[in-house]
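Q: Numbering-wise (the working numbering), the sequence shown opens with residue 2 and increments by one.
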Amino acid sequence: MEERYSRQILFSPIAEEGQRHISKSTVLIIGCGALGTAISETLVRAGVKKIILADRDYVEASNLQRQQLFTEEDARQKIPKVIAAKRRLVEIRSNVEIEVVLDHIDGEKMAKLVKGCDLLLDATDNFETRLTMNDIAWKYKIPWIYGACVGSTSISFSFIPGKTPCFQCLLPALPSVNETCDTAGIIAPAVQITASHQSAEALKWLSGNHDAMRTKMLTYDCWHNTSIEVGISRLQKSTCPTCGETPSYPALNREHETSFAVLCGRNTVQVIPEKNRLLTLEEVATVANRLNKSYKKTPYFIEMMMNDYRAIIFKNGRLLIHGLKDVQEGRKIYHQYFG
Ligand SMILES: [Zn+2]
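1. Give me the DSSP bridge partner(s) of Asp123.
2. Is Gln271 helix, strand or coil when you go by DSSP?
3. As a quick exercise: from Asn127, Asp75, Leu103 and Tyr141, pick the residue whose alpha carbon is nearest that of Asp119.
4. What three-state label does DSSP hand Asp75 in the structure shown?
5. With H, G and I counted as helix, E and B as strand and the rest as coil, what does DSSP make of Leu321?
6. Quick check: does the Cβ of Pro144 come within less than 7 Å of any heavy atom belonging to ligand 1?
7. Nearest to Thr299 by alpha carbon, out of Pro166, Ala149, Asp136 and Leu282?
8. How would you label Phe168, buried or exposed, when you count the other beta carbons within 10 angstroms and need 16 or more for buried?
9. Are the CB atoms of Ala47 and Leu204 within a distance shorter than 8 Å?
10. Quick check on Cys150: does DSSP put it in helix, strand or coil?
11. Please confirm whether Gly32 and Asn64 have their CB atoms less than 8 Å apart.
12. Is the beta carbon of Asp104 closer than 8 Å to that of Lys113?
13. Start and end of the beta strand (DSSP E) containing Glu100?
14. Whose C-alpha, out of Ile137, Met134 and Thr195, is nearest the C-alpha of Ser153?
15. On a CA-only basis, which of Asn293, Gly318 and Lys316 is nearest Asn308? Give me that one, please.
16. Run the proximity test for Pro166: is its beta-carbon closer than 7 Å to any non-hydrogen atom belonging to ligand 1?
17. Jot down the residue ranges of each uninterrupted beta strand (DSSP E) in the region 197-267, minimum 3 residues, whole runs only, in chain order.
18. Are the region 92-104 and the region 51-67 touching by the rule of at least three beta carbon pairs closer than 8 Å?
19. Can you name, in chain order, every residue of its own chain whose Cβ lies under 6 Å from the Cβ of Thr43, other than the five neighbours on each side?
20. Tell me the residue span of the beta strand (DSSP E) that contains Phe56.
21. Let me check understanding here. Comparing Cα to Cα, which of Glu202, Leu175 and Glu92 lies closest to Ile146?
22. In the DSSP output, what is Glu304 paired with across the bridge?
Right, here's the structure in full:
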């Protein structure tokens, strides 16, 4: 074994055998922002053979406070995140294999990417992609490690097909609007803590220490010094469409996922949220208040500016972003506001 892994091999639960497993493993990381850069660096240094990095965005100045692989020059040149990350990761370890995918990842694309992977890591910023990861994980029987952070709070859990409930089972217990880094801000330690919890779980899984995996969902707030560990095994439902007895994998059927479309001839992007996650006008008002944005509320809709665009959010959760023709931009704005 190489000298560079000597301290990790000295750690007895890993040892030489665990290191051999790690060095043969392939990991798919969805998202290459704050969590994706931190996790990929840790796993590259730990000796993972191959990392597939997927992200649709480019580096901006506001990323540099917490997205650890990026530089001012990357932001100046608006380098795609996966490209900038790969550049740095191969400097850290020259023999690592990095495959980059610069795209929005839907179920079809994820199914292709996940073939041959040992583990799926959540470093995304949105709910829609997490539901897709959840279905892919159960369909292909590969664990996925959920992680999210906002403000000073981090949350993480290892979803393991055949062992734990799935993300769908948790939906009724989760809020339909998540605070996001764009609405509530974030401090870098919350990122590092989340990424560390996810990376530790990844090393346990990849080194073959499956019994060491954490079985409770952990929420930790590094500013207010609180932590909550919740056992979620009771939430498992036999009728769950993903992990139940007759799975239909709803996120892999396009009609169930949040849909984004340009309305013909109207210069407007329409967003129809996933049906388990319809926004209410009260929730939209809460987000607007948090951002100090003025809005107009009628019995039927809320009108407000989202970035530079006039948006109408209807009672049934349907959302129109006017003055916009680019679906990807519409998708980005929607996830910025509502997670
Ligand atoms: Zn389930």
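C-beta atoms are modelled at their ideal positions from N, C-alpha and C, and glycine is treated no differently.
Computed from a prediction, not measured in an experiment: that's the story for all the values here.
A: Here's the rundown:
1. Ile31
2. strand
3. Tyr141
4. helix
5. strand
6. no
7. Leu282
8. buried
9. yes
10. strand
11. no
12. no
13. Glu98 to Leu103
14. Thr195
15. Asn293
16. yes
17. 217-222, 227-232 and 260-264
18. yes
19. Ser200
20. Note that residue 56 corresponds to Asp in the displayed sequence, not to Phe. Asp56 -> beta strand (DSSP E) spans Lys51 to Asp56.
21. Glu202
22. Lys297 and Ile313
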